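Residue numbers (the working numbering): 15 to 459. Every residue, glycine too, gets a C-beta built ideally from N, C-alpha and C. Everything numeric in this text was worked out from a predicted model, so none of it was measured.
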Ligand SMILES: O=C(O)Cc1cc(O)ccc1O
Ligand SMILES: [Fe+2]
């Protein structure tokens with residue numbers, strides 16, 4: 015794909031992304047038809063589905079999981095998904111999967127600059143670069159941290175059998191065409207693609223897009239319980255937007271890439287598999303605007319733990335212990351009295367990967383940049399850098415609006431093991447430990 019062709023394509027994608035319709039509500043039983051009458055009025059699988067469509071169930075949970083965790087969507091499509099040729103192995107590129115065994119788990123604090131620019135013609139899938147992760151894709155446990163940097167629209171279609179994908183754009187808007195319909199998202203928004211749902215990513219800005227992806231092998235992300243916060247707060251269910259049905263009726267060769275137990279497999283279909291004319295169910299993609307997050311914090315004293323900023327959580331088999339939490343540091347007021355207001359010094363049994371979508375983060379004066387990331391693994395000591403500590407210890411404690419940045423964290427119960435490419439990357443910063451050098455002793459008994 016040349017730059018010029020990319021630009022024309024980008025303009026087209028931008029037009030398509032304008033004014034997209036959505037169906038609102040996280041976890042709802044959504045339903046949508048692109049052609050009236052395409053949804054069967056009663057049964058899921060009538061003897062003949064309406065309009066000559068094929069009925070197909072996409073199960074995101076075991077049939078027998080409790081209703082609260084049960085996930086499936088019924089798709090009414092031009093051809094059943096089963097109508098495809100054999101998949102054959104294709105190059106994994108810079109994509110790696112759990113188990114992560116290329117390096118040994120590293121107790122050091124690590125920080126990376128943004129990914130270098132990709133070669134021309136790099137689509138979103140080819141632009142994926144894995145930093146590390148944990149668990150085992152074949153056991154449906156753990157997570158992976160990926161970054162992407164792309165400069166060409168995908169022409170192929172991708173699906174991930176290994177887990178769901180939480181896409182966090184940092185630069186450049188995305189038009190995501192999924193089996194269930196179209197979503198668009200720019201920096202500050204996130205897209206959640208459920209396990210197995212096929213999609214294609216096109217670019218909305220200047221033929222370039224950069225961001226982060228949390229691949230969640232474990233239980234699907236859900237909204238966190240609110241406990242004593244009450245019935246409302248944090249991410250509101252109605253702010254999650256699912257697509258409405260939109261289908262491609264195209265014949266001709268389409269490459270479909272399937273990530274399966276850690277490897278990429280490819281098949282050439284003779285039609286677009288994004289051919290779902292109507293669907294209903296709760297196994298659906300979403301887009302969510304992080305700036306709509308209802309931030310709750312102290313109105314008296316002390317710095318609450320960042321779990322209060324959890325947007326979505328993937329529970330593990332131990333109550334309260336997440337396989338992975340997605341946490342956002344959204345614009346908010348700090349009003350704590352007699353409080354050291356930035357993040358405190360900390361060692362954590364959980365492992366923290368942090369990224370920056372925009373601006374700056376209140377624990378780091380410099381070096382933590384948009385598109386970069388830091389990894390503070392299990393029990394590694396971290397917290398405010400020297401400059402931040404000194405400033406915040408002396409600051410006048412008037413109400414302070416933090417609205418000059420948007421940072422996030424993937425926090426996981428298992429250590430994140432880096433890939434070889436991340437451990438040896440030119441964009442891995444050297445001397446990160448130095449940000450905590452020069453924190454002087456003040457104790458003089
Ligand atoms: O910057 C971090 O390390 C994340 C973080 C933020 C915070 O407000 C409190 C604890 C914590 O680990
Ligand atoms: Fe932390």
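Residue environment, residue i, which counts as buried when at least 16 other CB atoms sit within 10 Å
| i | result |
| --- | --- |
| residue 252 | exposed |
| residue 347 | exposed |
| residue 17 | For residue 17, the pLDDT reaches just 45, beneath the cut-off of 50, and the residue's location in the model is therefore unreliable, leaving the point undetermined. |
| residue 228 | buried |
| residue 447 | exposed |
| residue 314 | exposed |
| residue 198 | buried |
| residue 328 | buried |
| residue 456 | exposed |
| residue 359 | exposed |
| residue 240 | exposed |
| residue 438 | exposed |
| residue 325 | buried |
| residue 76 | exposed |
| residue 452 | exposed |
heavy atom of ligand 2 below 7 Å from residue i C-beta
| i | result |
| --- | --- |
| residue 362 | yes |
| residue 317 | no |
| residue 121 | no |
| residue 357 | yes |
| residue 44 | no |
heavy atom of ligand 1 below 7 Å from residue i C-beta
| i | result |
| --- | --- |
| residue 393 | no |
| residue 36 | no |
| residue 366 | yes |
| residue 377 | yes |
| residue 429 | no |
| residue 345 | no |
| residue 423 | yes |
Residue i: CB within 7 Å of a non-hydrogen atom of ligand 3
| i | result |
| --- | --- |
| residue 390 | Absence of ligand 3 is noted for the structure shown, with ligand 1 and ligand 2 being the only ligands found. |
Separation of residue j from residue i, as counted between CA atoms
| i | j | result |
| --- | --- | --- |
| residue 189 | residue 392 | 36 Å |
| residue 193 | residue 258 | 10 Å |
| residue 24 | residue 31 | 10 Å |
| residue 283 | residue 41 | 31 Å |
| residue 62 | residue 276 | 37 Å |
| residue 342 | residue 266 | 42 Å |
| residue 286 | residue 268 | 6 Å |
| residue 436 | residue 223 | 20 Å |
| residue 53 | residue 71 | 13 Å |
Extent of the continuous alpha helix (DSSP H) to which residue i belongs
| i | result |
| --- | --- |
| residue 239 | Note, residue 239: premise wrong, no alpha helix (DSSP H); not H, not E. |
| residue 407 | 400-408 |
| residue 434 | 434-437 |
Segment limits, beta strand (DSSP E) that includes residue i
| i | result |
| --- | --- |
| residue 115 | Taken as a continuous stretch (DSSP letters only), residue 115 belongs to no beta strand (DSSP E), as it is neither H nor E. |
| residue 229 | 223-230 |
| residue 48 | That residue, residue 48, is in no beta strand (DSSP E); it is neither H nor E in DSSP. |
| residue 86 | 86-91 |
| residue 511 | Outside the displayed range of the chain (15 to 459) lies residue 511, so it cannot be described from this structure. |
| residue 462 | Residue 462 is absent from the structure shown; the chain starts at 15 and stops at 459. |
Complete beta strand (DSSP E) runs within the stretch 300-357 (minimum length 3 residues, chain order): 300-303, 324-329, 336-343 and 346-348
Report the residue ranges of all alpha helix (DSSP H) runs contained in full by the stretch 21-83; include only those spanning at least 4 residues, in chain order. none
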